[in-house]
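Residue numbering for the sequence shown follows full-length UniProt numbering, beginning at 1 and increasing consecutively. First the structure, in the form of structure tokens, and then the observations on it.
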Amino acid sequence: MAWGAPKGVDDLLVKLRTDANLTSLVILRNRRFGVTEATQFAAALSSNSTLTELFASGHAVGEEGAAAFGKALVTNTALSALSLGDNGMSDEGVTALVHGGLHKNTGLVKLDLEYKSVTRGDHIGHLLQHHTALQDLRLGRNRIGNDGLIALCQGLCASTALTHLDLSSNAFGQEGVAALTQTLPSTLTGLDLSGNALCGSAGHTLFTSLAVAQNATLATLKLRDCALDATAAAALMLWSRTNPEHACYARHTALSSLDLTGNTDLGAAGARAAVQCSSRLSWLSICGLCAGDEGAGLVAANAPPTLTHLDASRNGIGPDGACALLALLQLTELRLFNNSIGDNGAAAVAGALKRAAEAGSCKMATFDLGANGLTHEGIVVLLEAVRPCNFLRVLELGGNTVDEAAESAIRALQDVRPDVDVAFRTNGGGLGGAGQQRNNAQG
């Protein structure tokens, strides 16, 4: 092999043919896995009965390689998860995979076709119409558009097994949403529509259609960066427990997780609508809604007792809003990254922490106060309040100004509370339990 040339997959082919214990395989991008290799691999896969997962994303397998995999999956029923092809796969490659035989397969449960330059939906619709086992379909970062989604939905309505559908960043709007909400399978538990422009009528259509859909299974809904606005917030209020006409709409008893990150036009009204949308809501992100203290207060006043995880980062929340949220004693995680508490608000937040500790029923294990304009003055006040908070296990302070005085106070806290991880350095460092280093992933 020439120096620097990518390694082929001959050794992996041998494993596939001879290793009865091989159940999962990742073909890394530094491997040579083009049309020839894909065709050889598919031929070996056709008679394999042990491999259950194959991840070969990022490789240019071409139409011929995709068709070979489709043919192999007619007879192979052991493989349950497949990720195949690169962004040059396109509609032609997906068509070759589906019509090559994948639509006749009965074993595949998860199919990842993210970032494959797909612009149509008829081939996926055909797959959904005929494949009776598929549960998890990932189509994010394509360009399916309204027409493609409408075509896809013609097959989606026939699915009897699909539980998770990812359509994030696919350039569709109101027309596509209308078709989608009318054809969602009754089995669906997770839906990701993030990165699609759903402002105005599209957002209104989404929430009003879901409100009357009587979907009893949808548990997770992701709508990050969808340009949702006041029109969408008003429609989301149809789901509210306080809506006098609530009985006319779906109760969405299964919805437990809602992600509205980055929808800056939702504001305080959107934050309120979000927290009221389900009586079983346990995980909510209103990060970047520009909700302010008003929104934080509305969330605190209307949160269901089931809510345990709340991300209210990037909302312009000050000490009043933070204190209101800290009164939600059922929370196990509260994220207030990049808000506006500052040293002037530290005493108020410290007081709220002390009240939570005195209540005896607070469950907050993780508290994120990163990037809140704190210096050693505010940090010292907060750390003193943390000492009696026996419920707290992680305190995130990254993005604040941590000088030697603040770091000394952190070490003093660790002396009496070695069970608390404190992350404070913007480069990811910090003091973990018993003085150990801890990485801070918040950015």
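Cβ coordinates follow ideal geometry from the N, Cα and C atoms, glycine included. All figures in this text were calculated on a predicted structure; none of them were measured in a lab.
DSSP bridge partner residues for residue i (one or two, in chain order)
i           : result
Ser-194     : Note: Ser-194 sits in no beta bridge, so no partner.
Thr-366     : Glu-333 and Val-394
residue 452 : Shown here, the chain extends from 1 to 443; a query on residue 452 therefore has no answer.
Ser-186     : In DSSP, Ser-186 forms no bridge with anything.
Arg-31      : Lys-7
Arg-224     : Paired residue(s): none; Arg-224 is not in a bridge.
Asp-320     : In DSSP, Asp-320 forms no bridge with anything.
Same chain, Cβ closer than 7 angstroms to residue i, neighbours up to 5 away in sequence not counted
i       : result
Leu-353 : Leu-326, Ala-385, Val-386 and Cys-389
Val-74  : Gly-101, Lys-104 and Asn-105
Gln-330 : Pro-305, Leu-307, Thr-308 and Lys-363
Asp-320 : Asp-293
Glu-64  : Val-35 and Thr-39
Val-416 : Arg-387
Ala-268 : Ala-291, Gly-292, Glu-294, Gly-295 and Leu-298
Val-109 : Ser-80, Ala-81, Ala-133, Leu-134, Gln-135 and Asp-136
Leu-258 : Leu-221, Ala-274, Cys-277, Leu-281 and Leu-284
Close-in-space but distant-in-sequence residues of the same chain around residue i (CB under 6 angstroms, 5 per side omitted)
i       : result
Thr-401 : Thr-375
Gly-190 : His-164 and Thr-220
Arg-138 : Asp-112, Glu-114 and Asp-166
Phe-55  : Val-26 and Ser-83
Ala-20  : Thr-50
Arg-335 : Asp-311, Ser-313 and Asp-368
Ala-357 : Pro-388 and Cys-389
Asp-265 : Asp-229
Gly-88  : Ala-60
Phe-337 : Ser-313, Asp-368, Gly-370, Ala-371 and Gln-442
Status (buried if at least 16 other CB within 10 Å, exposed otherwise) for residue i
i           : result
Ala-322     : buried
Ser-313     : buried
Asn-170     : buried
Gly-318     : buried
Gly-345     : buried
residue 445 : Residue 445 lies beyond the stretch modelled for the chain, which goes from 1 to 443, so this question has no answer here.
Thr-187     : exposed
Asn-30      : exposed
Thr-18      : exposed
Asp-11      : exposed
Val-14      : exposed
Asp-403     : exposed
Asp-91      : buried
Ser-256     : buried
Val-212     : exposed
Gly-145     : buried
Thr-160     : exposed
residue 511 : Not covered by the structure: residue 511. The range shown for the chain is 1 to 443.
Ala-271     : buried
Ala-178     : buried
Boundaries of the beta strand (DSSP E) in which residue i is found, first to last residue
i           : result
Val-394     : 394-396
His-103     : Note, His-103: premise wrong, no beta strand (DSSP E); not H, not E.
residue 452 : Summary: the structure shown does not reach residue 452, with the chain confined to residues 1 through 443, and so no result is reported for it.
Lys-7       : No beta strand (DSSP E) holds Lys-7; DSSP gives it neither H nor E.
His-164     : 164-166
Ser-169     : It is not in any beta strand (DSSP E) - Ser-169 carries neither H nor E in the DSSP assignment.
Thr-75      : That residue, Thr-75, is in no beta strand (DSSP E); its alpha helix (DSSP H) goes 62-75.
Asp-259     : 257-259
Arg-387     : Where Arg-387 is concerned, there is no enclosing beta strand (DSSP E), given that its DSSP letter is neither H nor E.
Residue range of the unbroken alpha helix (DSSP H) whose run includes residue i
i       : result
Leu-128 : 122-130
Leu-238 : Careful: Leu-238 lies outside any alpha helix (DSSP H) and carries neither H nor E.
Val-422 : Premise fails: Val-422 lies in the beta strand (DSSP E), 421-423, not in any alpha helix (DSSP H).
His-99  : 90-99
Lys-208 : The amino acid occupying residue 208 in the given sequence is Thr; Lys does not appear at that position. Where Thr-208 is concerned, the enclosing alpha helix (DSSP H) stretches over 201-212.
Leu-310 : Segment 309-311 is the beta strand (DSSP E) holding Leu-310; no alpha helix (DSSP H) there.
Thr-36  : 35-45
Lys-354 : 342-359
Ser-285 : Careful: Ser-285 lies outside any alpha helix (DSSP H), inside the beta strand (DSSP E) at 283-285.
Asp-147 : 145-156
Arg-272 : 267-275
Asp-293 : 292-302
Asp-136 : Note, Asp-136: premise wrong, no alpha helix (DSSP H); beta strand (DSSP E) at 136-138.
Val-416 : 404-416
Neighbourhood of residue i by C-beta, 8 angstroms cutoff - its chain only, sequence neighbours within 5 removed
i       : result
Phe-207 : Ala-232, Ala-235, Leu-236, Leu-238 and Trp-239
Leu-16  : Leu-22, Leu-25, Phe-41, Ala-44, Leu-45, Asn-48 and Leu-51
Pro-6   : Asn-30, Arg-31 and Arg-32
His-204 : Thr-231, Ala-232, Ala-234 and Ala-235
Does the structure place the stretch 342-351 close enough to the stretch 290-310 that three or more beta carbon pairs sit under 8 angstroms?
no
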